[in-house]
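J.: Right, I'll just put the structure down here and ask away after.
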Amino acid sequence: MLVLSLSLGSAHSTVSTQRHDPRFGAAYLRYRGTVRGALAQLGVPEAERDDLAQEVFVVLLRQLGRLAADEAEAGGLRA
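Here the numbering used here runs 118 ahead of the position in the sequence shown, where the first position is 1.
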């Protein structure tokens with residue numbers, strides 16, 4: 119089971135999935151550096167990059183079910 123927790127001020131959100139989707143793991147490994155690099159280029163302070171990168175991947179996890187497998191494999195995920 120994969121559980122990601124995200125705190126935004128007083129708001130708290132937990133995303134949980136009962137099944138492992140290999141696309142999420144592959145996307146995380148492929149794009150984590152790109153996401154952090156983009157955040158750096160946008161001027162996000164180093165101390166905040168991990169939290170914001172996590173937010174990006176939480177959104178991806180929520181949306182992944184909507185993506186067709188072939189779209190994700192064909193580069194449908196944009197950095």
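Note that CB positions come from ideal geometry on N, CA and C, so glycine has one too.
1) Would you mind reading off the limits of the alpha helix (DSSP H) that contains Val-177?
2) Leu-157 by DSSP, collapsed to three states: which one?
3) Check whether the segment 160-170 touches the segment 142-150, counting contact only when three or more Cβ pairs, one atom from each stretch, lie closer than 8 Å.
T.: Inspection of the coordinates gives the following:
1) Counting from 1 along the sequence shown, the entry for residue 177 is found at position 59. From DSSP, the alpha helix (DSSP H) with Val-177 extends over 164-181.
2) By 1-based counting over the sequence shown, the position of residue 157 is 39. In this structure, DSSP gives Leu-157 a helical state, which the three-state scheme calls helix.
3) These segments do not touch.
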